[in-house]
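In this note's numbering, the protein residues as written are -15 to 171. No residue lacks a Cβ here, since even glycine has one placed at the ideal position from N, Cα and C. As structure tokens, the structure follows; a few thoughts come after it.
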Amino acid sequence: YISGGVDQDLFQLGRSDGKLSFKKPPSFEDPIDSDNDNKYVIEITIEDDFSSSSEEFSIEVTDVQETPKFVESSYNIAENQIATLQTGAIDEDGDPLVHKLLGIDAQFFEIDESLGSLTLINPADFEKPIDTNKDGTYEVTIVATDGSNQISQDITVKIDDVNEPYNEFKLSSSTSSTTLKAGVVFS
-15 YISGGVDQDL FQLGRSDGKL SFKKPPSFED PIDSDNDNKY VIEITIEDDF SSSSEEFSIE
45 VTDVQETPKF VESSYNIAEN QIATLQTGAI DEDGDPLVHK LLGIDAQFFE IDESLGSLTL
105 INPADFEKPI DTNKDGTYEV TIVATDGSNQ ISQDITVKID DVNEPYNEFK LSSSTSSTTL
165 KAGVVFS
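Written out as structure tokens, the structure reads:
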């Protein structure tokens, strides 16, 4: 059983198999041991009917190269807007990332290779979709690498309809036709 040590509350010892494990997986970047140096100190005692023995152990957590992660996979943009979306991956190790853009609608976007931000090149019109399958939802894949690990994320960008004011009105009769600009008074 775990009988002591300044970090004993962070561990558990299996009764049937005797395996020592953390109650919560540790993170090298965020140590929670007593002095925040990634060296966890515990004491384990073994006993039987005749004797007991205790020994102190130091368990050191070392850093591993973690895979970058994406946060979002679906975005919306109001029509007739050029928007920049923060689509880049996050690297818990703080390593610089390189992003690249793939997919059936990649030609409609630009990507900032270091930040991973995605910008629609031209404003999209909800009523006249130009994405590859003409459904008003752009589909791309962003690939991010930190030099050791690579991850990809399928991203969808849906164009939302907005109310648009009319700029011209056409009046016609059997003898003539007139086009008026919005704001013009006709008498």
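* Check whether the Cβ atoms of SER5 and GLN(-4) lie closer than 8 Å to each other. => Between SER5 and GLN(-4), the gap from beta carbon to beta carbon is short of 8 Å.
* Continuous beta strand (DSSP E) stretch holding THR172: start and end -> Because the chain in this structure spans residues -15 to 171, residue 172 falls outside the shown range and cannot be described.
* **Same chain, Cβ closer than 6 Å to ASP138, neighbours up to 5 away in sequence not counted** => Cβ within range, chain order: THR125.
* To do: Give the straight-line distance between the Cα atoms of ILE143 and ASP119, rounded to the nearest whole angstrom.
  => Cα to Cα, ILE143 sits roughly 9 Å from ASP119.
* Leaving out the 5 sequence neighbours to the left and right, which residues in its chain are closer than 7 Å to GLU94 when beta-carbon positions are compared? -> Spatial neighbours of GLU94 in its own chain (CB-CB distance under 7 Å, excluding positions within 5 residues in sequence) are listed in chain order as THR103 and ILE105.
* Asked: Got a sec: is the Cβ-Cβ distance from THR129 to anything in chain D below 8 Å?
  -> Absent here is chain D; the protein component of the structure consists of one chain.
* Count the other C-beta atoms from every protein chain shown that fall within 10 angstroms of the C-beta of ILE28, then say buried if there are 16 or more, exposed otherwise. => It is buried - the Cβ of ILE28 has at least 16 other Cβ atoms within 10 Å.
* Asked: Relative to the C-alpha of ASP181, which residue among SER0, VAL(-10) and ALA128 is closest?
  -> Residue 181 lies beyond the residue range present for the chain, which begins at -15 and ends at 171; the question has no answer from this structure.
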